[in-house]
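Peer 1: Chains as they are written, first to last, in our numbering: chain L, 21 to 494; chain H, 2 to 244.
Backbone N, C-alpha and C define an ideal beta-carbon position, used for all residues, glycine too.
Quick one: this structure, given as structure tokens, is what I'll be asking you about.
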Amino acid sequence: MNKTITIEGVTRIEGHARITIALDDNGKVSDAQFHVTQFRGFEKFVEGRPLTEMPGIMARICGICPVSHLMASAKACDDLLAVDIPPTANKLRRIMNLAQIVQSHALSFFHLSSPDLLFGMDGDPASRNIFGLIRDHPEFARDGILLRKFGQDIIAMLGEKKIHPAWVVPGGVNASLTAENRDLILAQIPAALSRAARALEYFHTVRDRYPAEVDAFANFPTLFAGLISPAGLIEHYDGALRFVDENAAPVADLTDPHQYQSMIGEAVEKHSYLKSPYFRPRGYPDGIYRVGALARIILAERCGTPRADAELGIFRTRLGRSPQSSFHYHWARLIEILYGIEMIQRLLEYPDILNTHVRSRARPNRLEGVGISEAPRGTLIHHYRIDESARMVWANLIIATGNNNLAMNRGVLQVAQRFVDGTHLEEGMLNRVEAVIRCFDPCLSCSTHALGQMPLRIELRKSDGELCDVLQRD
Amino acid sequence: MNTFTDVEIESITLRIDDKDVSCRKGETVLQVARENGIDIPTLCYMEGLTVWGGCRLCMVEIAGFPKLQAACATVCTEGMNISTNSPRLENYRRIIVELLLAERNHVCSVCVSNGHCELQAMAIKLGIDHVRFAYRFPHLDVDNSHDRMRMDHNRCILCSRCVRVCAEIEGAHTKDIKGRGVLAAIIHDLDQNWGESETCTSCGKCVNICPTGALTHRGTAVGEMTKKTMFLPYLTLMREAQP
Numbered sequence: 021m022n023k024t025i026t027i028e029g030v031t032r033i034e035g036h037a038r039i040t041i042a043l044d045d046n047g048k049v050s051d052a053q054f055h056v057t058q059f060r061g062f063e064k065f066v067e068g069r070p071l072t073e074m075p076g077i078m079a080r081i082c083g084i085c086p087v088s089h090l091m092a093s094a095k096a097c098d099d100l101l102a103v104d105i106p107p108t109a110n111k112l113r114r115i116m117n118l119a120q121i122v123q124s125h126a127l128s129f130f131h132l133s134s135p136d137l138l139f140g141m142d143g144d145p146a147s148r149n150i151f152g153l154i155r156d157h158p159e160f161a162r163d164g165i166l167l168r169k170f171g172q173d174i175i176a177m178l179g180e181k182k183i184h185p186a187w188v189v190p191g192g193v194n195a196s197l198t199a200e201n202r203d204l205i206l207a208q209i210p211a212a213l214s215r216a217a218r219a220l221e222y223f224h225t226v227r228d229r230y231p232a233e234v235d236a237f238a239n240f241p242t243l244f245a246g247l248i249s250p251a252g253l254i255e256h257y258d259g260a261l262r263f264v265d266e267n268a269a270p271v272a273d274l275t276d277p278h279q280y281q282s283m284i285g286e287a288v289e290k291h292s293y294l295k296s297p298y299f300r301p302r303g304y305p306d307g308i309y310r311v312g313a314l315a316r317i318i319l320a321e322r323c324g325t326p327r328a329d330a331e332l333g334i335f336r337t338r339l340g341r342s343p344q345s346s347f348h349y350h351w352a353r354l355i356e357i358l359y360g361i362e363m364i365q366r367l368l369e370y371p372d373i374l375n376t377h378v379r380s381r382a383r384p385n386r387l388e389g390v391g392i393s394e395a396p397r398g399t400l401i402h403h404y405r406i407d408e409s410a411r412m413v414w415a416n417l418i419i420a421t422g423n424n425n426l427a428m429n430r431g432v433l434q435v436a437q438r439f440v441d442g443t444h445l446e447e448g449m450l451n452r453v454e455a456v457i458r459c460f461d462p463c464l465s466c467s468t469h470a471l472g473q474m475p476l477r478i479e480l481r482k483s484d485g486e487l488c489d490v491l492q493r494d
Numbered sequence: 002m003n004t005f006t007d008v009e010i011e012s013i014t015l016r017i018d019d020k021d022v023s024c025r026k027g028e029t030v031l032q033v034a035r036e037n038g039i040d041i042p043t044l045c046y047m048e049g050l051t052v053w054g055g056c057r058l059c060m061v062e063i064a065g066f067p068k069l070q071a072a073c074a075t076v077c078t079e080g081m082n083i084s085t086n087s088p089r090l091e092n093y094r095r096i097i098v099e100l101l102l103a104e105r106n107h108v109c110s111v112c113v114s115n116g117h118c119e120l121q122a123m124a125i126k127l128g129i130d131h132v133r134f135a136y137r138f139p140h141l142d143v144d145n146s147h148d149r150m151r152m153d154h155n156r157c158i159l160c161s162r163c164v165r166v167c168a169e170i171e172g173a174h175t176k177d178i179k180g181r182g183v184l185a186a187i188i189h190d191l192d193q194n195w196g197e198s199e200t201c202t203s204c205g206k207c208v209n210i211c212p213t214g215a216l217t218h219r220g221t222a223v224g225e226m227t228k229k230t231m232f233l234p235y236l237t238l239m240r241e242a243q244p
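Right, here's the structure in full:
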């Protein structure tokens, strides 16, 4: 008798998703799927809009990482204008992008994932959330909240708003940085570095508690993809898109963004609104690859900043150059937080950072443009076509989370097979299925922040629909 | 020799919102109210252009009149007793603005005029935090054919300020309105693309006079379009000063 377990409303992720776990006659997991249940339609409804509105519209894809979409969109628009943006604008965009990465990683690690690590995967769900964290680990929670604030404050100082700033425009940015704001940000750097260092210390005390999870949380060989600087350093804004194999050996470098479709194909599965991108030369689904913090850490030779490189050294000594378990995304995110803070400081100390020439003006000079940047969750691609009046006629977006879709699906199956016993349900089993998704920090839409308080109902049904068992979390 | 004392000015006295006021013959209720610091909301009215009376936001109650009257188009008469604000008027004004918002695609957050838009400001002023009518979401064109300016029909409220400033101040009369009701739309010349217009002088007055993000400069991103309307009273003054 086949049964299906449905986890409807996956919690502590950004967006709406459902997980279904199919059981065979013996109650063993035979299949599992991760369904993204929302449809947005951005590629369609931007048709006809002027290109100058694109960064503003596309940023609305997400309320957590609007800056990432601003970057990819503005880069696609720069490409359409065929301009080089002023060097200062390039640095300012990088600062905002790194601030975004710091705040988003802080949200992912402290608010969404650390409750699992600190309270245990089987911990009481009533306190296994940010509120339990604030009660039992107030210093840790405060560090997380203030690190997030650090990133958000930088975004607001540059773009006037924490969420959806209109500051990034085709050709650069629309306002330069003031000396006062530069000094305000620089003054916050030491405290932010201390908080990131404390978070890493904390993480080192808990990371060895979960060997079974390390072993089964999407732990399989795949390709990894992400931007990389010409010097082989970690990169979030520009550079070549590199694919490496499971041993971190380069497989392909994409230097011309216009050619991305030669490397990335997009498959559509009936069970999800999220497309499944794959590395085209290896075909579907063998071209499975992962993006995001772990991928970037594996791709890069080094970070290029002292503290992050020191931590990367510990990471590689402990796990090797190319650890395959997605559990290690957490550590990679913490390293990137450290890197982000250090790099923001370095960029702010450039003598030209206060230059007022921050925008290149031009009419559209191409009809097709591609922008690639790194969002906190991975590589983000915006591809636009316009008509001769600079109105959008077509758009294709490959969102960071989408790149991880194949890996998330396979990871859900792996963890379900390892931990879920269909003969009786326990909350901790299903929390692990959700936790593997949280490793990838998927951003399935924008505005949903379910902090463990979202009602979750898991039903165990026979194949004919008869209800066998229910697990309810209110 | 003529002096001011020789000119006979017929004055009128009336009450607006329980305040006794006086004005010259021929002045409208809206003009007198504003001269006396009484605010009546408008969207289509523009000092210096002919009165259109289309937006209906300036409707006021006049004692003895069973119907509401448009303050911009109603000339004051002796002894009028006018109320510019009442729950009934407030309700109608809200409905008008909500209908404007529902009629086309006014998406403030991604509009180039976000933060500098008269329709948005009016909605805020009237406390409109949601729209009770079903949005129509029409498929409307963005005319981006002009070299420097853009017409986005999605944001147009058909106030006709652009039509009037083009005809009355610039003298080009490039713009006009075609169609009726919800099918009405601003056109250029004989319903051509703006960029193909033979009569447009590219003066840009229509862009600056437009209350929303319907007429904008090309190349502006979200929230960057600000309008400069000071040219109109200045030009009007210059015109009136001519012998």
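1) Just the Cα atoms here: how many angstroms apart are Glu225 of chain H and His147 of chain H?
2) When you check each C-beta in the segment 186-202 of chain L against every C-beta of chain H, which residues fall closer than 8 Å?
3) Quick one, which of H:Arg151, H:Ala168, H:Arg25 and H:Glu169 has its alpha-carbon nearest Ser409 of chain L's?
4) Quick one: using the 10 Å Cβ neighbour count with 16 as the cut-off for buried, is Arg383 of chain L buried or exposed?
5) Take the Cβ of Glu73 of chain L as the centre, count every other Cβ of all protein chains shown within 10 Å, and call the residue buried at 16 or more, exposed below.
6) Could you pull out every residue in the same chain whose Cβ sits closer than 6 Å to the Cβ of Lys228 of chain H, ignoring the five residues on either side in sequence?
7) Can you list, in chain order, the residues of its chain whose CB lies under 8 Å from that of Ser12 of chain H, leaving out five sequence neighbours each side?
8) With 16 as the cutoff for other CB atoms within 10 Å, does Asp329 of chain L come out buried or exposed?
9) Could you tell me whether the Cβ of Gly205 of chain H comes closer than 9 Å to any Cβ of chain L?
10) Is the beta carbon of Ser292 of chain L closer than 9 Å to that of Val49 of chain L?
11) Would Ile406 of chain L and Leu400 of chain L qualify as a contact pair, given that the criterion is a beta-carbon distance under 9 Å?
12) Can you have a look at Lys206 of chain H and say buried or exposed, based on whether 16 or more other CB atoms are within 10 angstroms of its CB?
13) Which one or two residues does DSSP pair with Ile187 of chain H in a beta bridge?
14) Should Asp45 of chain L go down as buried or exposed, given a rule of 16 or more other Cβ atoms within 10 Å for buried?
15) Listed in chain order, which residues of the segment 227-238 of chain H have Cβ atoms closer than 9 Å to some Cβ of chain L?
16) Who pairs with Val143 of chain H in a beta bridge, going by DSSP?
17) In whole angstroms, what is the alpha-carbon distance linking Ala260 of chain L and Glu289 of chain L?
18) Any idea if Ile352 of chain L is buried or exposed, counting beta-carbon neighbours within 10 angstroms, 16 or more meaning buried?
19) Whole angstroms is fine: what's the gap from Gly68 of chain L's alpha carbon to Val413 of chain L's?
20) Taking all protein chains shown into account, decide if Glu200 of chain L is buried (16 or more other Cβ within 10 angstroms of its Cβ) or exposed.
21) With respect to the beta strand (DSSP E) encompassing Arg397 of chain L, which residues constitute its N-terminal and C-terminal limits?
22) From the beta carbon of Ser110 of chain H, is the nearest beta carbon of chain L less than 9 Å away?
23) For Ile373 of chain L versus Leu197 of chain L, is the C-beta spacing smaller than 9 Å?
24) According to DSSP, is Trp195 of chain H part of a helix, a strand, or is it coil?
25) Starting from the beta carbon of Arg452 of chain L, find every residue of chain H whose beta carbon is closer than 8 Å, and list them in chain order.
26) Taking the DSSP output, what are the residues bridged to Cys24 of chain H?
27) Hey, out of H:Val76, H:Ser110, H:Asn115 and H:Glu62, whose CA is closest to Ser87 of chain H's CA?
28) Just verifying my parser: in three-state terms, what is the DSSP assignment at Gly472 of chain L?
29) Do you know how far the Cα of Val183 of chain H is from the Cα of Phe139 of chain L?
30) Could you tell me whether the Cβ of Ser465 of chain L comes closer than 9 Å to any Cβ of chain H?
31) Please classify Ser128 of chain L as buried or exposed, where buried requires at least 16 other C-beta atoms within 10 Å of its C-beta.
32) Please tell me whether, using a cut-off of 8 Å, the distance from the CB of Ile25 of chain L to the nearest non-hydrogen atom of the ligand NAD is below it.
33) Tell me whether Thr29 of chain H sits in a helix, a strand or coil according to DSSP, three-state version.
34) Please work out which residues of its chain come closer than 6 Å, Cβ to Cβ, to Ile41 of chain H, disregarding the five sequence neighbours upstream and downstream, and give them in chain order.
35) Report the residues of the segment 123-145 of chain H with a CB closer than 9 Å to any CB of chain L, ordered along the chain.
36) Alpha carbon to alpha carbon, what distance is there between Pro135 of chain L and His469 of chain L?
Peer 2: Looking at the atomic coordinates:
1) As the crow flies, the alpha-carbon of Glu225 of chain H is around 19 Å from that of His147 of chain H.
2) Of all residues in the segment 186-202 of chain L, the ones placed with a Cβ closer than 8 Å to any Cβ belonging to chain H are Ala186, Val189, Pro190 and Asn194, in chain order.
3) Of the candidates H:Arg151, H:Ala168, H:Arg25 and H:Glu169, the one whose C-alpha sits nearest the C-alpha of Ser409 of chain L is H:Arg151.
4) exposed
5) Glu73 of chain L is classed as buried because its beta carbon has at least 16 other beta carbons within 10 Å across all chains shown.
6) Within the same chain, Lys228 of chain H has close Cβ partners Asn209.
7) Counting only Cβ-Cβ distances below 8 Å, and skipping sequence neighbours, we find Ser23, Cys24, Arg25 and Lys26.
8) buried
9) no
10) Not in contact: Val49 of chain L and Ser292 of chain L (Cβ atoms no closer than 9 Å).
11) no
12) Classification of Lys206 of chain H: buried, given that the 10 Å Cβ count is 16 or more.
13) H:Ile178
14) exposed
15) none
16) H:Asp153
17) 29 Å
18) Residue identity check: residue 352 of chain L is Ala in the sequence provided, not Ile. With 16 or more neighbouring CB atoms inside 10 Å of its own CB, Ala352 of chain L falls in the buried class.
19) 6 Å
20) exposed
21) Element bounds for Arg397 of chain L: n/a, residue is neither H nor E.
22) Chain L, which has a Cβ nearer than 9 Å to the Cβ of Ser110 of chain H, makes this yes.
23) Yes; because the gap between Cβ atoms is below 9 Å, this pair is in contact.
24) helix
25) The premise fails here: Arg452 of chain L is roughly 39 Å from chain H at the closest Cβ pair, so nothing lies under 8 Å.
26) H:Ile13
27) Out of H:Val76, H:Ser110, H:Asn115 and H:Glu62, H:Glu62 has the C-alpha closest to the C-alpha of Ser87 of chain H.
28) For Gly472 of chain L, the predicted structure reports a pLDDT of 36, less than 50, and the residue's modelled location is therefore unreliable. The matter cannot be settled from this model.
29) Spanning the two alpha carbons is a distance of roughly 59 Å.
30) Because the pLDDT of Ser465 of chain L is 41, which lies under 50, any placement of that residue in the model is unreliable, and the question is left without a value.
31) By the 10 Å Cβ count, Ser128 of chain L comes out buried.
32) No copy of the ligand NAD occurs in the structure displayed, which carries no ligand at all.
33) Residue state, collapsed to three classes: strand.
34) Leu31, Ala34, Cys59, Ala72 and Thr85
35) His140, Leu141, Asp142, Val143, Asp144 and Asn145
36) Caution applies to His469 of chain L, whose pLDDT of 24 falls short of 50 and renders its modelled position unreliable; the value that the coordinates give is listed next. Looking at the two C-alpha atoms, the distance is approximately 15 Å.
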